[in-house]
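Single-structure report; data block below.
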Amino acid sequence: MSNVIHASHLTLSYDNGKKEIIKNANFRIQKGDFVFITGPSGSGKSTLLKALYGQLKASEGSLVLGGLDLSTISTGKLQELRTHIGIIFQDYKLINEWNVAKNVVLPLMIAGYSTEIQEVQAKRLLKHVKLTDYGERFPLELSGGEQQRVGVARALAKNPVVILADEPTGNLDEYSSNVIWDLMENACQQLNTTVLVVTHKIPTIFSLPYRHFTIESKGIYEVH
Amino acid sequence: MKSIKNHLMFILPLMAILLGIEFFLVFDRTTDRYEKSLKEGYSMLVVAKKPMKLSTFKKLNNHIKISQPIKRKAIISKVIKDIGESSKDEILDALPYFYTLKLDSYLDTRELNNIKKDIEAYENVKKVETFGESYNDSYRLFSFIQFILEVFIIFIAVVSLLLIIKQMEIWKYAHKERMQIMEIFGAPLMLRSGVLFKIALIDAIFSTIFVSALFLYIKFNWAKDSGINIIIQNKEELFMITDIAILLFSALVIVVVSVYSVVFTTNGIDE
Chain L
24 MSNVIHASHL TLSYDNGKKE IIKNANFRIQ KGDFVFITGP SGSGKSTLLK ALYGQLKASE
84 GSLVLGGLDL STISTGKLQE LRTHIGIIFQ DYKLINEWNV AKNVVLPLMI AGYSTEIQEV
144 QAKRLLKHVK LTDYGERFPL ELSGGEQQRV GVARALAKNP VVILADEPTG NLDEYSSNVI
204 WDLMENACQQ LNTTVLVVTH KIPTIFSLPY RHFTIESKGI YEVH
Chain V
99 MKSIKNHLMF ILPLMAILLG IEFFLVFDRT TDRYEKSLKE GYSMLVVAKK PMKLSTFKKL
159 NNHIKISQPI KRKAIISKVI KDIGESSKDE ILDALPYFYT LKLDSYLDTR ELNNIKKDIE
219 AYENVKKVET FGESYNDSYR LFSFIQFILE VFIIFIAVVS LLLIIKQMEI WKYAHKERMQ
279 IMEIFGAPLM LRSGVLFKIA LIDAIFSTIF VSALFLYIKF NWAKDSGINI IIQNKEELFM
339 ITDIAILLFS ALVIVVVSVY SVVFTTNGID E
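From first to last, the protein sequence lines are chains L and V. Just so we're aligned, residue 24 is where the first sequence starts under our numbering, counting upward by one. Just so we're aligned, residue 99 is where the second sequence starts under our numbering, counting upward by one.
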């Protein structure tokens with residue numbers, strides 16, 4: 024199986040290496056894997072995710088995503104790579120002045136798809152996340168669960184190679200959380216998308232086979 | 099309403115800068131023309147013992163541009179009427195040579211005195227007389243007004259730039275999150291800052307139109323009724339078609355710099 028993500032002797036730090044968060048980590052994630060990364064607060068889960076979408080560069084070692092080394096990648100290549108990554112944030116990060124439909128097709132807009140294709144895809148994606156009639160509404164008119172479904176629809180818009188999710192159900196009730204896990208399971212199962220989720224707790228209702236990494240004492244270890 | 103206010107907060111300081119630029123252009127042109135007329139009105143009369151060439155004058159002082167000899171026979175012909183034809187050659191021999199000198203630019207009193215001294219120091223020159231000193235006071239007043247105006251324009255431009263920077267901070271706050279989210283999803287710089295450029299370009303065009311319209315009104319309506327001679331005489335200098343290009347270019351430069359200052363300080367996503 025091909026590696027979608029490959030970390031080799033990866034060290035991540037802030038303040039020019041003064042504050043080490045992750046040290047000498049090694050792991051490989053294959054296409055179609057569903058991966059949970061757990062660990063205590065402040066252990067470096069979100070830092071790892073930041074590194075995976077190119078917001079933080081490795082201070083040592085390498086982190087390769089989709090064949091591109093993120094520690095040496097150029098700005099242009101990083102922009103291109105980001106169009107193949109779907110990202111889901113705990114606080115949704117929707118654009119509040121845009122309506123739901125426009126938020127959902129943001130990755131298509133960036134990729135230069137025509138308005139007609141964007142409209143068709145917005146309808147399909149909103150139907151997929153069960154928000155068919157919500158296209159014209161604005162994010163602040165929706166509940167937290169609905170906003171996160173918009174976030175998931177946006178992450179799926181361009182059939183990404185990998186979905187990175189940072190505590191996607193952290194702010195949601197049980198029902199909304201289950202809907203989100205369902206959607207992510209479907210993406211992994213039906214589209215063979217690699218999904219990497221940073222979370223405090225693995226959901227009990229999860230039915231797919233998954234891999235589980237934990238971050239402890241600056242190291243990343245596979246536990247399941 | 100909020101949107102109009104946002105536009106005005108950018109358009110007004112931008113207009114202040116453009117007004118400053120246009121005032122500077124108008125005053126510069128008017129001063130240029132005024133200096134030209136002063137230069138043309140100013141002349142020196144040199145009385146020399148022997149004939150002198152322009153090159154000799156230029157060697158004495160390189161500000162001398164033209165030397166025109168005054169025909170001695172013409173002077174004599176007036177004198178002859180009273181004295182008689184018989185003494186003509188005698189008078190012609192005794193008469194010195196007269197030259198009118200023109201300068202290459204309008205110079206201040208100190209420099210004019212230096213030229214006079216340089217010419218007088220030449221052994222062949224008997225006397226140097228200057229004409230046009232009555233222009234001196236008005237020229238000084240004109241230069242003083244120009245200096246005051248330039249200081250005022252610089253002051254207004256600095257204050258306006260500070261207001262624009264302040265407005266940029268508001269824009270930065272208003273658009274920061276959207277631009278950061280777009281960046282995370284791989285949007286190139288031009289796409290994520292597209293809205294800002296659009297707003298700023300519209301404001302730049304409006305500012306240019308407002309300032310141009312104001313000066314066109316001054317030129318075609320207000321100037322002729324103003325009763326101010328210098329404005330009526332220099333009406334054409336009040337606004338030129340090339341000024342639109344200068345104003346638009348200046349506005350666009352300010353806009354591009356302002357927008358990029360917002361775009362480059364909103365990289366990365368906030369926690």
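We treat Cβ as the ideally placed atom computed from N, Cα and C, and that holds for glycine.
Using DSSP with H/G/I as helix, E/B as strand and the rest coil, what is L/Phe229? Residue state, collapsed to three classes: coil.
Contact defined as beta carbons within less than 8 Å: I believe V/Leu199 pairs with V/Ser141. What is the distance between those atoms, to the nearest angstrom? Taking the Cβ atoms as the reference, V/Leu199 lies roughly 6 Å from V/Ser141, within the contact range of under 8 Å.
9 Å Cβ cut-off: residues of chain L touching V/Pro286: Per Cβ cutoff of 9 Å: Gly99, Gln102 and Ile133.
The beta strand (DSSP E) enclosing L/Glu197, as first and last residue numbers: Here L/Glu197 belongs to no beta strand (DSSP E); instead the alpha helix (DSSP H) covers Glu197 to Leu214.
Where V/Leu110 falls: helix, strand or coil (DSSP): Reduced to three states, the DSSP call for V/Leu110 is helix.
What residues of chain V sit near L/Ile10, judged by a beta carbon separation below 7 Å? Absent from the structure is residue 10 of chain L, since the part of chain L shown begins at 24 and ends at 247.
For the alpha helix (DSSP H) containing V/Gly325, name the first residue and the last one. Unbroken run through V/Gly325: none, as it is neither H nor E.
Rounding to the nearest angstrom, what Cα-Cα distance links V/Ser305 and L/Val127 in this structure? Roughly 36 Å between the two C-alpha positions.
Any idea if V/Ser232 is buried or exposed, counting beta-carbon neighbours within 10 angstroms, 16 or more meaning buried? Confidence at V/Ser232 is low in this model, with a pLDDT of 49, below 50, so the placement of that residue should be treated as unreliable; the coordinate-derived value is given next. When all chains shown are included, V/Ser232 counts as exposed.
Once DSSP output is grouped into helix, strand and coil, what is the label at V/Phe253? In the structure shown, the three-state DSSP call for V/Phe253 is helix.
Cβ distance (whole Å) where L/Ile111 is taken to contact L/Asp196 below 8 Å: About 17 Å separates the beta carbon of L/Ile111 from that of L/Asp196, a gap too long to meet the 8 Å contact definition.
Per the contact definition of three or more C-beta pairs closer than 8 Å, is the stretch 146–166 of chain L in contact with the stretch 93–102 of chain L? The answer is no - the stretch 146–166 of chain L does not touch the stretch 93–102 of chain L, with fewer than three Cβ pairs under 8 Å.
By the criterion of Cβ-Cβ separation under 9 Å, what are the contact partners of V/Met338 in chain L? In chain order: nothing, as chain L lies at least about 42 Å away.
Consult DSSP for V/Lys200 and reduce its assignment to one of helix, strand or coil. Of the three classes helix, strand and coil, the one that applies to V/Lys200 here is strand, per DSSP.
Would you check if the stretch 151–169 of chain V and the stretch 201–217 of chain V touch, i.e. whether three or more CB-CB distances between them fall below 8 Å? Segments in contact, yes.
Do V/Tyr197 and V/Pro167 have their C-beta atoms closer together than 7 Å? Yes.
Could you spell out where the beta strand (DSSP E) holding V/Ser153 opens and where it closes? Element bounds for V/Ser153: not the beta strand (DSSP E) but the alpha helix (DSSP H), Leu152 to Leu158.
Check whether chain L comes within 7 Å of V/Phe308, counting only Cβ atoms and requiring the distance to be less than that. Taking a beta-carbon distance threshold of 7 Å, V/Phe308 does not count as an interface residue toward chain L.
Run down chain V in chain order and give the residues with a C-beta less than 8 Å from the C-beta of L/Ile110. Think of a sphere of 8 Å around the beta carbon of L/Ile110: the chain V residues whose beta carbon falls inside it are Ile282 and Phe283, in chain order.
Beta strand (DSSP E) segment containing L/Gly109, residue limits: Per DSSP, L/Gly109 belongs to the beta strand (DSSP E) from Ile108 to Ile111.
Where V/Leu289 meets chain L, residues with beta-carbon distance less than 7 Å: The contacting residues are Ile133.
What would DSSP say about L/Tyr136, mapped onto helix, strand or coil? Secondary structure of L/Tyr136 (DSSP, three-state): coil.
Short of 7 Å Cβ to Cβ, which residues in the stretch 176–194 of chain L face chain V? The residues in question: there are none.
Expressed to the nearest angstrom, what Euclidean distance is found between the alpha-carbon atoms of V/Lys371 and V/Ile303? No information on residue 371 of chain V is available, as it lies outside the stretch 99 to 369 that chain V covers here.
L/Ile108 and L/Pro191 closer than 7 Å at C-beta: With respect to L/Pro191, L/Ile108 sits apart: the two C-beta atoms are not nearer than 7 Å.
Where the stretch 137–164 of chain L meets chain V: residues whose CB sits under 7 Å from a CB there: Those residues of the stretch 137–164 of chain L that come within reach of chain V (Cβ to Cβ, closer than 7 Å) do not exist; the list is empty.
Does DSSP put V/Ala343 in a helix, a strand or coil? Here V/Ala343 carries a helix assignment [DSSP, helix/strand/coil].
Report back the beta-carbon spacing between V/Ile251 and V/Gly118 to the nearest angstrom; my notes put them in contact at under 8 Å. About 4 Å separates the Cβ atoms of V/Ile251 and V/Gly118, confirming a contact at the 8 Å cut-off.
Per DSSP, the bridge partner or partners of V/Ala146: Residue pairing by DSSP places V/Ala146 opposite V/Tyr195 and V/Val223 in a beta bridge.
Since V/Arg276 meets chain L, which of its residues come closer than 9 Å, beta carbon to beta carbon? Among the residues of chain L, those whose CB is under 9 Å from the CB of V/Arg276 are Ile118, Asn119, Glu120 and Trp121, following chain order.
On a Cα-Cα basis, can you pick out the residue from L/Arg105, L/Ser85 and L/Ala124 that is closest to V/Ile279? The shortest C-alpha separation from V/Ile279 is found at L/Arg105.
Would you identify the three-state DSSP class for V/Ile279, choosing helix, strand or coil? Helix.
Show which residues of chain L have a CB atom less than 9 Å away from the CB atom of V/Ile268. In chain order: nothing, as chain L lies at least about 15 Å away.
Can you check whether the CB of V/Phe283 is closer than 7 Å to the CB of L/Ile133? For the 7 Å CB-CB criterion, L/Ile133 and V/Phe283 form a contact.
Where the alpha helix (DSSP H) through L/Gln102 begins and ends: First-last of the alpha helix (DSSP H) with L/Gln102: Thr98 to Arg105.
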